Structures are given as structure tokens and as C-alpha cells.
Amino acid sequence: MNENPNIHMLALQNEILEAIATGMEFDAVAGLLCRRAEGLAPTAICSILSVDIEGRLHPVAAPSLPKHYSDALEGLAIGPSVGSCGTAAYFGKPIEVVDISIDPLWAPFTGLALPLGLMACWSTPIKAREGRVVATFAFYYRTKRGPSDLERLIVQTCVNLCGIALAQMEIQKKNHQLAFYDQLTDLPNRRCFDELITRKPRAGPTSFGLILLDIDHLKFINDTMGHMVGDALIKEVASRLRNAKLDLACRLGGDEFAIVVDPCPDHAALSLVVSALRNAMKEPFHSDGNTIVPQVTTGGVVYGIDGTNADLLRQNADFALYHAKETNRGGYIQFEPGLRTAITCRIEMIREVDQALADKRVVAYYQPLVRLDTGEIIGLEALARIKTTDGRIVAAGDFQAALSDREVACRLTDSILSQIANDVRSWIANGIPFQHVGINLSAADFRRNDLETRLSKTFDAANVSLKHVVLEVTETVLMGDPGNDTVRAIERLREKGMLVALDDFGTGYASLTHLLSFPVDIIKIDKSFVDRMLIDRPSEVIVEALIDIARKLDKKIIAEGIECSAQHERLRELGCTFGQGFHFARPADALTTTRLLRSFAQKLPFEPDQRRQTERNFPTTAIA
Ligand code: C2E
Ligand code: CA
Ligand code: CA
Numbered sequence: 047m048n049e050n051p052n053i054h055m056l057a058l059q060n061e062i063l064e065a066i067a068t069g070m071e072f073d074a075v076a077g078l079l080c081r082r083a084e085g086l087a088p089t090a091i092c093s094i095l096s097v098d099i100e101g102r103l104h105p106v107a108a109p110s111l112p113k114h115y116s117d118a119l120e121g122l123a124i125g126p127s128v129g130s131c132g133t134a135a136y137f138g139k140p141i142e143v144v145d146i147s148i149d150p151l152w153a154p155f156t157g158l159a160l161p162l163g164l165m166a167c168w169s170t171p172i173k174a175r176e177g178r179v180v181a182t183f184a185f186y187y188r189t190k191r192g193p194s195d196l197e198r199l200i201v202q203t204c205v206n207l208c209g210i211a212l213a214q215m216e217i218q219k220k221n222h223q224l225a226f227y228d229q230l231t232d233l234p235n236r237r238c239f240d241e242l243i244t245r246k247p248r249a250g251p252t253s254f255g256l257i258l259l260d261i262d263h264l265k266f267i268n269d270t271m272g273h274m275v276g277d278a279l280i281k282e283v284a285s286r287l288r289n290a291k292l293d294l295a296c297r298l299g300g301d302e303f304a305i306v307v308d309p310c311p312d313h314a315a316l317s318l319v320v321s322a323l324r325n326a327m328k329e330p331f332h333s334d335g336n337t338i339v340p341q342v343t344t345g346g347v348v349y350g351i352d353g354t355n356a357d358l359l360r361q362n363a364d365f366a367l368y369h370a371k372e373t374n375r376g377g378y379i380q381f382e383p384g385l386r387t388a389i390t391c392r393i394e395m396i397r398e399v400d401q402a403l404a405d406k407r408v409v410a411y412y413q414p415l416v417r418l419d420t421g422e423i424i425g426l427e428a429l430a431r432i433k434t435t436d437g438r439i440v441a442a443g444d445f446q447a448a449l450s451d452r453e454v455a456c457r458l459t460d461s462i463l464s465q466i467a468n469d470v471r472s473w474i475a476n477g478i479p480f481q482h483v484g485i486n487l488s489a490a491d492f493r494r495n496d497l498e499t500r501l502s503k504t505f506d507a508a509n510v511s512l513k514h515v516v517l518e519v520t521e522t523v524l525m526g527d528p529g530n531d532t533v534r535a536i537e538r539l540r541e542k543g544m545l546v547a548l549d550d551f552g553t554g555y556a557s558l559t560h561l562l563s564f565p566v567d568i569i570k571i572d573k574s575f576v577d578r579m580l581i582d583r584p585s586e587v588i589v590e591a592l593i594d595i596a597r598k599l600d601k602k603i604i605a606e607g608i609e610c611s612a613q614h615e616r617l618r619e620l621g622c623t624f625g626q627g628f629h630f631a632r633p634a635d636a637l638t639t640t641r642l643l644r645s646f647a648q649k650l651p652f653e654p655d656q657r658r659q660t661e662r663n664f665p666t667t668a669i670a
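At position 592 of the sequence shown the residue is numbered 638 (our numbering), and the sequence of numbers has no breaks.
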């Protein structure tokens, strides 16, 4: 090399940096680097090995060495006398062996090197930024000698370039990890899953299955045990999916996972995988002093049976999971075309309620709440009804599914609220003994964070005190909000003087702990307990215990859905003070309710201050 070697180094550097910048893989960069180094130092044979975190060598590039030589080095542990490269990596400094045949470092490897005419070897470690040796760069010679000055310059340049290429590779690996893997569980993420499932149907004729999985009650766990425990549950489910080695599991986000089952000819095969998966969830685990048994809901589809393109398959799997969550929590539902109809029905229902709201065909009906001892009406529950265009009355139970639509649910509340406010004003104005009205609220009412304003505005406009209002919320509404905003909102509303009733008690996650921690004044025992009470001893025991606990916690109890005098009598004997049900009165319009109130409402001594009336009679006096 007659010219200035620096010019050659610069050219080498430019070429390699360009290769790195255009995204060439590390192995390819290393190969190119070896060939260029050998071009500049024609009597040298170049080799690059990588060193893994456990200190093992892996050949990366050695274009002029036979494959069997590189293969022999694969997996070799570095050490204080492991040839030139293994030793250089071990000590983190260059090792020059000028005569392989006699150097003790090479003693175990002479049989490998000498037959190939490799007489000397000079190896330089390549370090990562944090100082760990991640690779070695070696020059072998066919004569017993050390490196020339030019060779030192070449190696110095190559080692720097290798370091840059490796750092770049690390960044790429990290970016790839960030882009395609979930940080919490290390499972492939939604993006990775999307790419996989989009490519998959084209990959071959064999069928595969897709299971979507949702962790049940994650919000509840986040709320009651904290987000650390929630995260631990997600990680636990992920690791059980991984350990069960079922198939490829991805975390789609939140509490949702996808499992690709390949191959999978039909639904029977998919069900087997679901069973294995559910078995894997059976054992409890412990986190932060809590014992949790993970519960999951799943829905599944099979390629070819439930769709032949990625979008349709995913959509159908979503339908199956959605339906499982609605109708079979903790269970599995395989897709079938009928599911689409069920879901379309709900959409149709939303449209109908929306139309009824627009036409002002949503009306507030009222059902009396009575004292079980005297039969007097001590309050009302407002229940929404839709008047159909042909004059029929549709009960809320028949369009309740539409209230899962947030906008419709909020508009329905607004409409009912203003009707209630007007009806109450007219009762009070006409001297009709009236105490409280219960208003059913949906989760959506708490999402907008404006419930307090809506209530105040509506009741102020009608000049009616909010002390007449009992807010009825279910556990699902209370628990369905991981941020606990709902509970805080309810606390604020109570401070304004409204009472809060826990509706449908016993149908949700119901635990006694919740009774203690929820900010409620009244507990409404669900109709299902009242139904079973006379035929099923445990139900009766539960009702009795609830009445007792409520009394001790200074909360009031109302039994719902009393349909016959036997239930009425038994509840009285058990010490229940209030009830509601067809046995006393069905929900009726405002006019009928006015008549009922006139005849049967608990008569109160005249008190100009409605608030004091309220406090005296419901819930306090009647219970005392
Ligand atoms: P809920 O709050 O538990 O209301 C009690 C339901 O039980 C009412 O059904 C009522 O008509 C019915 N019921 C009362 N006594 C008896 C009885 O003795 N036997 C039987 N079989 N049923 C009885 P409805 O009006 O169809 O309402 C169903 C659900 O719809 C309500 O359950 C409530 O969760 C919801 N809902 C009703 N009105 C509204 C509303 O204005 N807003 C919201 N967000 N939800 C409402
Ligand atoms: Ca209710
Ligand atoms: Ca109820």
C-alpha cells in the first residue's frame, strides 16, 4: 500500500458507516468489514466472534476460514487460556500470540489451527459502552509474527466500526422490543399480533385457531387491592400462558390477550386448548398479601370455519368474547353466526331508545317503597318506560341493554331527572305527603363527571330540594371504575344531602367488605334472594344476616321484588323494615302515583322544612 493509509481507512470507514446507516444486519456488516480488512492487509486472515452475556463465543464472520473451524469455536466459554480470542475476551485486552505451535494459550487448539497453516493470531476485544466485552476482532497469520503498524491501524479502525455496528444493533433490538413487545409481560403486543394474523392466512392451507382472552374483574382488583396487584395478575396470567406452552400468546392491551393456535382443524380442537388454558389458571397466586385465583373469559374462532380473512376472523373472535363477557363470565364461547344477530339486536335497541328520547316518548313511572309493618308508602323508585308509537308501554328491563351506550344512558337520565323534578314539585305544591324518590343511575352517568351539576340544575330549576333524592347505584357501577372516581363522586353527592342506595345487592361481586367500604346509606336486597328465600334455606340465612349487619352498620335495608304475602310476612319476621314489589304496587305513571300517595303515603306531622321531615321518616324514624 503506497498511498497514505489514512485515505484507505477513511474509505473503509465511510463504506461501513453507510452500511450501518442503511440498516444492514450486524452479521453482514461484520462480513464486509472482514473482507475489506483482508483487502487492506493481504497476508492477514480476519475473524469476528461475538461474546454473549454468559461469556460464550459465537462466530459472526470469518470469510477466509473454513466453516468447520468456525463451527468448532461455537459456544466455547472464554477463559484465561482459550486461544487468542477467548483469552482477549476474558481479560478485556488484546492478546498477541506469535507462535501458536508453542504458546500455552493455544495448547488445546493447535490441532485445529496448525493444519490450516494458521501460525499466529492477534485478537482485540470490542467493548460495549458499559465496558463489557461483546466481541473480538482477530487477525491470523500464516507466518510466526506479530502485527505491523499498518495492521494495527486497520484493526483499530475495524474495532471502532464494530463497536458502532454493535451499538446500533442494540438500539435496533431495543426499538424492536419496544415496538413489538409488551413491556409488562414481554409477550408480543397488539402490533405484533396484527402483523402476524394479517400474514397468517396466506401462509398455507392448514387451519389455525384464535382465542381472545379477557381477565375478569381486573378493574375490581385494581380498585380494591391496588394497581401493583393488578399488574401482578396480568403478569401471572401472561406467564401461565407462556408456561402452558399452548401456542403463541400476545397481550393486546389492558386485560386482553390473544392466543394463536396452529394448527387447529376445528372447534373441538380449539376447545381442548381452551380447557388446558383454563386448567392453567386454576391455582391461586399471592401478591402483596392477597390470594388471587385468576379468572378468564374466552371466545374463539377457527380459520376457514369462521372466516378466511384476518379482519373477519378478529371481528368474529371479538363477537364471541364480547358475548361470553355478557352472558358467560369466566366461561368460553365459540363463535357462531347467531352471535352477530344478538349483538345487532342491542344496536337496534340503542337506536330505538335514541328515537324514543328524541320523540319524548320516555316517561318516568314510579313504584312505591313501603313500610312492611304498616304498609305505608315511605318513598318511590322512578323507573323509565318507553311509550311505543302504537301506545304500548315498554319496561326498562326490556331496553336496559341499550344503556350500555353512554350517550343514550346519559340522555335517558337527563330526561327522567327533569320529569322527576317536575312531578315532585307538583306533589309538594299540592300538599301530597312525599318523602323520597330513588333514581337509577348507569355507569355512564359517572363517566362525564358532571352528575352533581346535572342534578343541581334540574332540581333547582324545579325548586325542589335534593334531599328528596336517593341515588340507586349497583355494585357494577361502583366497581367498574378503576380510578375510584365514582366512589368519590358519590361521597360528594352524599355531602349535598342526597342518600345513596346500593341496588341489586347480591348479584354482583357482593362481599361484606364492600358493604363496609361503599359510601351508601341503603342496601336493596335483590329480588333473586327474596324469590328463593322461602324455598332455599341459605338464601333466607343470607337475608337474615344482611338485615342484622345493616342494622349494626346503621344502614337501611329494602327488600326488592316482594310478590306475595308469604314473602312479606317472612321478611317482617326477619326484621326487614322496608320493601318494594308487585305485592304492594306495580310501577305506575305520575297520575296513578299521585292517587296512591294521597291514600297510602305515611302521614307526617306538618313540618315546613322538608329536610327535617325527610330525616325523621326515612330512613331514621321508621327503623328506630
Ligand atoms: P331495578 O333498579 O332493580 O328496578 C326494579 C325492577 O324490578 C323494575 O323493572 C321493576 O319494575 C321490577 N319489579 C319491581 N317489583 C317487582 C316484582 O315484585 N316482581 C317482578 N318480577 N319485578 C318487579 P324495570 O322497570 O323493568 O327496570 C329494570 C331495570 O332497569 C332496573 O332494575 C334498573 O336497573 C333499570 N332502570 C329502570 N329505570 C331506569 C332509569 O331511569 N335509569 C337507569 N339508568 N336504569 C333504569
Ligand atoms: Ca333500582
Ligand atoms: Ca334492584
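Where a beta carbon is used, it is the ideal one built from N, C-alpha and C, also for glycine.
All values reported here derive from a predicted model rather than from experimental measurement.
Item checked: Alpha carbon of Phe282 to alpha carbon of Glu176, nearest angstrom -> Here residue 282 is taken as the residue at index 236 of the sequence shown, counted from 1. Here residue 176 is taken as the residue at index 130 of the sequence shown, counted from 1. With the sequence shown as reference, residue 282 is identified as Glu, and Phe is not the correct amino acid for it. Note on geometry: alpha-carbon atoms of Glu282 and Glu176 lie some 32 angstroms from one another.
Check: Quick one, what's near ligand 2 if you take every residue whose CB is closer than 5 angstroms to any heavy atom, in chain order?
Finding: After applying the 5 angstroms Cβ criterion, the set is Asn486, Glu518, Asp549.
Next item on the list: Whole angstroms is fine: what's the gap from Ala475's alpha carbon to Leu637's?
Entry: Numbered from its first residue, the sequence shown carries residue 475 at position 429. Numbered from its first residue, the sequence shown carries residue 637 at position 591. Separation of Ala475 and Leu637 (C-alpha to C-alpha, rounded to the nearest whole angstrom) is 15 angstroms.
Next item on the list: Could you tell me which residues DSSP pairs with Phe624 in its beta bridges?
Entry: Sequence index remark: in the sequence shown, residue 624 carries index 578 (1-based). Partner(s): Arg417, Ile604.
Next item on the list: Have a look at Ser645 and Gln626 and give me their C-alpha separation to the nearest angstrom.
Entry: Your numbering for residue 645 matches position 599 in the sequence shown. Your numbering for residue 626 matches position 580 in the sequence shown. Roughly 17 angstroms separates the two Cα atoms.
Check: I think Ser130 touches Ser169, with their Cβ atoms under 8 angstroms apart; what is that distance to the nearest whole Å?
Finding: In the sequence shown, counting from the first residue as 1, residue 130 sits at position 84. In the sequence shown, counting from the first residue as 1, residue 169 sits at position 123. 4 angstroms between Cβ atoms; contact.
Item checked: Near ligand 3: Asp572 beta-carbon under 8 angstroms from a heavy atom -> Against the sequence shown, residue 572 aligns to sequence position 526. In this structure, ligand 3 has a non-hydrogen atom nearer than 8 angstroms to the beta-carbon of Asp572.
Item checked: Beta-bridge partners of Leu548, as assigned by DSSP -> Position 502 of the sequence shown, counted from the first residue, corresponds to residue 548. According to DSSP, which records beta bridges pairwise, Leu548 is partnered with Val519, Ile569.
Check: To the nearest whole angstrom, what separates the beta carbons of Cys208 and Ala184, a pair I think is in contact under 8 angstroms?
Finding: For the purposes of this step, residue 208 is identified with residue 162 of the sequence shown, where counting begins at 1. For the purposes of this step, residue 184 is identified with residue 138 of the sequence shown, where counting begins at 1. Not confirmed; about 12 angstroms, so no contact.
Check: What whole-angstrom Cβ distance do Ile66 and Val97 have, given they're in contact under 8 angstroms?
Finding: Position 20 of the sequence shown, counted from the first residue, corresponds to residue 66. Position 51 of the sequence shown, counted from the first residue, corresponds to residue 97. About 20 angstroms separates the two Cβ atoms, so there is no contact after all.
Notebook entry, point to check: CB-CB under 7 angstroms to Glu197, same chain, minus the five flanking residues each way: which ones, in chain order?
Noted result: Position 151 of the sequence shown, counting from 1, holds the residue named residue 197. Residues of the same chain with a CB within less than 7 angstroms of the CB of Glu197, apart from the 5 flanking positions on each side, are Ala87, Ala90, Phe185 in chain order.
Next item on the list: Indicate the three-state DSSP secondary structure (helix, strand or coil) for Arg583 in the structure shown.
Entry: Sequence index remark: in the sequence shown, residue 583 carries index 537 (1-based). Three-state DSSP puts Arg583 in a helix.
Item checked: Backbone secondary structure at Asp364 - three-state DSSP -> Stepping through the sequence shown from its first residue, residue 364 is reached at position 318. When DSSP states are grouped into helix, strand and coil, Asp364 belongs to the helix group.
Notebook entry, point to check: Is the stretch 510-518 in contact with the stretch 434-444, if contact means three or more CB pairs nearer than 8 angstroms?
Noted result: Using a C-beta cut-off of 8 angstroms, the stretch 510-518 makes no contact with the stretch 434-444, since fewer than three inter-stretch Cβ pairs fall below that distance.
Note to self: Tell me whether Glu606, by its Cβ, gets closer than 8 angstroms to a heavy atom of ligand 3.
What the structure shows: Numbered from its first residue, the sequence shown carries residue 606 at position 560. Of the heavy atoms belonging to ligand 3, at least one sits nearer than 8 angstroms to the Cβ of Glu606.
Notebook entry, point to check: What's the gap between the Cα of Lys190 and the Cα of Pro109?
Noted result: Position 144 of the sequence shown, counting from 1, holds the residue named residue 190. Position 63 of the sequence shown, counting from 1, holds the residue named residue 109. Note on geometry: alpha-carbon atoms of Lys190 and Pro109 lie some 21 angstroms from one another.
Checklist line | Start and end residues, alpha helix (DSSP H) containing Tyr115 | finding: In the sequence shown, the residue the question calls residue 115 occupies position 69. DSSP places Tyr115 in the uninterrupted alpha helix (DSSP H) bounded by 113-119.
Check: Taking the alpha-carbon positions, what's the Ala315 to Gln380 distance?
Finding: The sequence position of residue 315 within the sequence shown is 269, counting from 1. The sequence position of residue 380 within the sequence shown is 334, counting from 1. In this model, Ala315 and Gln380 are separated by some 12 angstroms (Cα to Cα).
Checklist line | Closest residue to Gly452 among Gly425, Asn486, Asp469, Arg494 (Cα-Cα distance) | finding: One-based indexing of the sequence shown puts residue 452 at position 406. The sequence shown places Arg at residue 452, not Gly. Of Gly425, Asn486, Asp469, Arg494, the residue nearest in Cα terms is Arg494.
Next item on the list: Mind checking who Ser96 pairs with in its DSSP beta bridge?
Entry: On the sequence shown, position 50 is the one that residue 96 refers to. For Ser96, which the question treats as bridged, DSSP gives the partners His104, Ala181.
Next item on the list: Report yes if the C-beta of Thr459 is less than 8 angstroms from at least one heavy atom of ligand 1; otherwise report no.
Entry: Within the sequence shown, residue 459 is the residue found at index 413, counting from 1. Result yes, Cβ under 8 angstroms from ligand 1.
Notebook entry, point to check: Span of the alpha helix (DSSP H) holding Tyr136?
Noted result: For the purposes of this step, residue 136 is taken as the residue at position 90 of the sequence shown. Looking at the DSSP string, the run of the alpha helix (DSSP H) that includes Tyr136 is 131-137.
Next item on the list: Just grab the DSSP bridge partners of Asp260 for me.
Entry: Locating residue 260 in the sequence shown gives position 214, where the first residue counts as 1. As a beta-bridge residue in DSSP terms, Asp260 pairs with Glu302, Thr343.
Notebook entry, point to check: How about Glu606 and Asp550: do their beta carbons lie closer than 9 angstroms?
Noted result: Taking the sequence shown and counting its residues from 1, the one referred to as residue 606 is at position 560. Taking the sequence shown and counting its residues from 1, the one referred to as residue 550 is at position 504. Result yes, Cβ atoms of Glu606 and Asp550 sit closer than 9 angstroms.
Item checked: Uninterrupted beta strand (DSSP E) stretches inside the stretch 51-100 (no shorter than 3 residues) -> The stretch 51-100 is shown to contain whole beta strand (DSSP E) runs of 3 or more residues at 90-97, in chain order.
Item checked: Beta-carbon contacts of Ile53 that lie in its chain and below 7 angstroms, excluding the five residues immediately before and after -> On the sequence shown, position 7 is the one that residue 53 refers to. Taken in chain order, the list of residues that qualify is empty.
Checklist line | Arg534 versus Thr354: straight-line alpha-carbon distance, rounded | finding: Reading the sequence shown from its first residue, position 488 is the one you call residue 534. Reading the sequence shown from its first residue, position 308 is the one you call residue 354. Near 48 angstroms, if we compare the C-alpha coordinates of Thr354 and Arg534.
Note to self: So, for Leu160: in the same chain, excluding its five sequence neighbours on each side, which residues have a beta-carbon less than 7 angstroms away from its beta-carbon?
What the structure shows: As a first step, residue 160 is located in the sequence shown; it is residue number 114 there, counting from the start. Apart from the 5 residues on each side of it in sequence, Leu160 sits with its Cβ closer than 7 angstroms to the Cβ of Ile146, Ser147 in its chain, given in chain order.
Item checked: Residue span of the beta strand (DSSP E) that contains Gly425, given as start and end -> To locate residue 425, count along the sequence shown from 1; it is residue 379. Looking at the DSSP string, the run of the beta strand (DSSP E) that includes Gly425 is 423-433.
Check: Does DSSP put Glu689 in a helix, a strand or coil?
Finding: What is shown of the chain runs 47 to 670, which leaves residue 689 out entirely.
Next item on the list: Starting from the Cα of Thr435, find the closest Cα among Val399, Pro565, Val179 and give me that residue.
Entry: Along the sequence shown, read from residue 1 onward, the residue named residue 435 stands at position 389. The shortest C-alpha separation from Thr435 is found at Val399.
Note to self: Please list the terminal residues of the continuous alpha helix (DSSP H) segment that includes Ile474.
What the structure shows: Here residue 474 refers to the residue found at position 428 of the sequence shown. In the DSSP annotation of this structure, the continuous segment of the alpha helix (DSSP H) that includes Ile474 starts and ends at 452-475.
Next item on the list: Tell me Lys482's beta-bridge partners as DSSP assigns them.
Entry: On the sequence shown, residue 482 is found 436 positions in, with the first residue counted as 1. Residue identity differs from the one stated: residue 482 is His in this sequence, not Lys. Note: His482 is not bridge-paired with any residue in the DSSP secondary-structure output.
Check: Which stretch, first to last residue, makes up the alpha helix (DSSP H) that contains Asp537?
Finding: Residue numbering aside, residue 537 sits at position 491 when the sequence shown is read from its first letter. Here residue 537 turns out to be Glu, not Asp, going by the sequence shown. Run containing Glu537: 531-541, per the alpha helix (DSSP H) assignment.
Checklist line | Arg646 - DSSP class collapsed to helix/strand/coil | finding: Residue mapping note: residue 646 aligns to position 600 of the sequence shown, counting from 1. Before going on, a small fix: residue 646 reads as Phe here, not Arg. The three-state secondary structure of Phe646, taken from DSSP, is helix.
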